[in-house]
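Structure first, then comments.
In UniProt numbering, the protein residues as written are 1 to 256.
So, in structure tokens, the structure goes:
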């Protein structure tokens, strides 16, 4: 990343996909501007940044002196899709070692991509349980798949530094833990959230549970998470997060 370049991140605190990129920028020690997008009331100008009106988006501008945040400058480009952006951040900041480079690290790069596949299976099971009321056993099966990739200590690649594999799914893992802990705030019975959490504390899933807590200890995760998730919590925010999913669940049930 050259000194006369500029990054602008368009994000939303509640969105796990956006947190992926926000956390990667923090982990890399990047200098960037941040624009918070209200997902329920998106500004009209945002379609110029991302025509799909989704977050995250990252504007990479060769002119460090650009000031307009409501359009992509002629000297810049807007990139979206969170997994693509994770690799972009890793390439822009190689000293952060978010994605191993070079022939020697080819195996580690493969490990990251295989972990992303396992993480995708977890996300699918998580949203299936949370939104569609699918069995919690699907989550446990997916967690076993994730856990199979984890070392005994450290993050995915066995070091004390997270890779983009870790940051890709940290937002989902920690939200899952937080939602299970706070599921009693919901008027909709989400199948066995607290029981599921207790199961994770058993020896069989201890590696995964320890891993989630290690993710929660990362400053890059703490500074980019809603307060309820990193335990700087207040009850109204906990209720906001749970109620958002409660509303979605009710809509899906009504549509059946």
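Ideal Cβ placement from N, Cα and C applies to all residues, glycine included.
The DSSP assignment places 33-36, 57-61 as complete runs of the beta strand (DSSP E) inside the region 11-74, in order along the chain (cut-off: 3 residues). In this structure, residue 72 sits near residue 48, with a CB-CB distance shorter than 8 Å. Beta-bridge pairing by DSSP links residue 8 to 33, 59.
Residue 82 carries a helical assignment under DSSP once its states are collapsed to helix, strand and coil. By the neighbour-count criterion, in which 16 or more other beta carbons inside 10 Å mark a residue as buried, residue 224 falls on the buried side. For residue 205, no alpha helix (DSSP H) segment is defined, and its DSSP state is neither H nor E. For residue 121, the enclosing alpha helix (DSSP H) covers residues 106-132. Between the alpha carbons of residue 204 and residue 8 lies a gap of roughly 42 Å. Under the three-state reduction of DSSP output, residue 193 falls in the helix class. In the three-state reduction of the DSSP assignment, residue 154 falls in the coil class.
Cβ contact annotation for residue 125 (same chain, cutoff 6 Å, sequence separation greater than five): 138, 139, 142, in chain order. For residue 160 and residue 201, the gap between their C-alpha atoms comes out near 23 Å. In this structure, residue 55 sits away from residue 76, with a CB-CB distance that is not shorter than 8 Å.
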